[in-house]
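> Can you read through this structure? Questions will come right after.
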Amino acid sequence: MTAELHPIPLSFRDSVPDHHRVFCHSGVFDGAALTVVYGVDLAEHRRRVRSAVSAVPDEQLLAAAMTLPDDDLAPVSPRFTALLTGHEGHTVAAVVADPAGEVWGRRILEPVVDVLEITAEADSWTRGCAVAHEWVGYGPRVVRVAEQGTADWSMLMTEASHYGIGIVCGLQDDRVLEPAPFRPRRWTAARWRFSELVYEQFLRLLPGGHLI
């Protein structure tokens with residue numbers, strides 16, 4: 056499956072802050088074919104362009120960065136010293152060593168993509184639901200299933216509602232059930248990594264390599 060940009064669903068156009076721009080594309084993420092709607096933080100994108108930093112899909116490096124504040128220096132945990140002082144460490148943090156040899160750091164990387172919806176396309180609800188379960192905690196989840204006139208929609212919708220999964224029927228955006236709201240209390244390294252995978256593909260798809 057080749058990654059491809061899609062028109063933005065109208066329902067998402069006004070759902071992000073002014074400093075974000077909404078995009079939608081299909082691609083393969085960790086072996087799963089998904090369509091992702093997401094907002095790109097224009098300020099963070101431009102900062103990365105100026106700093107020649109692209110996507111950072113290294114979960115360990117992101118986990119290390121998350122231990123540091125973004126507004127002050129703090130001691131770097133010995134567990135992450137090698138990572139943050141290594142070859143790629145400068146992409147996520149500014150690190151210095153004091154005369155006593157203690158390492159201090161400040162996080163400079165911020166999430167650049169906010170995932171607004173994840174859609175798994177499948178030939179059956181059972182398969183689509185299995186794929187959707189793999190992405191719990193990454194964003195609102197939707198399964199697109201083929202139209203099935205004989206399907207037991209009542210049972211299907213009961214199961215989908217229980218798991219918080221939305222349903223889209225057929226090739227058109229015919230929403231049978233909206234996904235449950237996604238309100239994470241904080242970022243996790245795994246969720247941040249997924250957003251970086253989306254950003255990595257986005258950079259390859261960006262027309263002319265520029266974003267106004």
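Residues in the sequence shown are numbered from 56 upward in steps of one, following my numbering. For every residue, glycine included, the Cβ atom is placed at its ideal position computed from N, Cα and C.
1) Cutting at 7 angstroms between CB atoms, please list the residues of its own chain near W190, excluding the five before and the five after it.
2) Could you tell me if Q256 is buried or exposed, where buried requires 16 or more neighbouring beta carbons within 10 angstroms of its beta carbon?
3) Quick test of the definition: if touching needs 3 or more C-beta pairs under 8 angstroms, does the segment 179 to 187 touch the segment 97 to 109?
4) Please report the straight-line C-alpha distance between T205 and G160, rounded to a whole angstrom.
5) Quick one: what does DSSP say T205 is sitting in, helix, strand or coil?
6) Let me check you understand the geometry: is the CB of E251 closer than 7 angstroms to at least one non-hydrogen atom of the ligand FMN?
7) First and last residue of the alpha helix (DSSP H) that includes S106?
8) Under a Cβ-count criterion, where at least 16 other Cβ atoms within 10 Å of its own Cβ denotes burial, should H100 be classed as buried or exposed?
9) First and last residue of the alpha helix (DSSP H) that includes T136?
10) Going by beta-carbon coordinates alone, are R199 and V168 separated by less than 8 angstroms?
11) Can you check which of these residues, A215, F67, V83, D126, is closest to I163 by C-alpha distance?
12) Among F67, F78, V158, which residue has its Cα nearest to the Cα of V95?
13) Whole-angstrom Cβ separation of E157 and P130, contact assumed at under 8 angstroms?
14) What first and last residue would you give for the beta strand (DSSP E) that runs through A148?
15) Going straight from the alpha carbon of A88 to that of H80, what length do you get?
16) Under 8 angstroms, do L260 and L117 count as touching if we go by C-beta distance?
17) Helix, strand or coil: how does DSSP classify H75 here?
18) Is the separation between the beta-carbon of A235 and that of E114 shorter than 8 angstroms?
19) With W159 as the anchor, note down where its beta strand (DSSP E) starts and where it stops.
20) Does DSSP put R230 in a helix, a strand or coil?
21) Mind checking which residues open and close the beta strand (DSSP E) that includes R199?
Quick answer:
1) I173, R196
2) buried
3) no
4) Note that T205 scores 49 on pLDDT, short of 50, meaning its location in the model is unreliable and no value can be drawn from it.
5) Here T205 scores only 49 on pLDDT, less than 50, and its place in the model should not be relied on; the value that follows carries that caveat. Here T205 sits in coil by DSSP.
6) With respect to small molecules bound, the structure shown includes none, and the ligand FMN cannot be examined in it.
7) 97 to 106
8) buried
9) 133 to 139
10) no
11) D126
12) F78
13) 6 angstroms
14) 148 to 152
15) 11 angstroms
16) no
17) strand
18) no
19) 158 to 162
20) strand
21) 196 to 200
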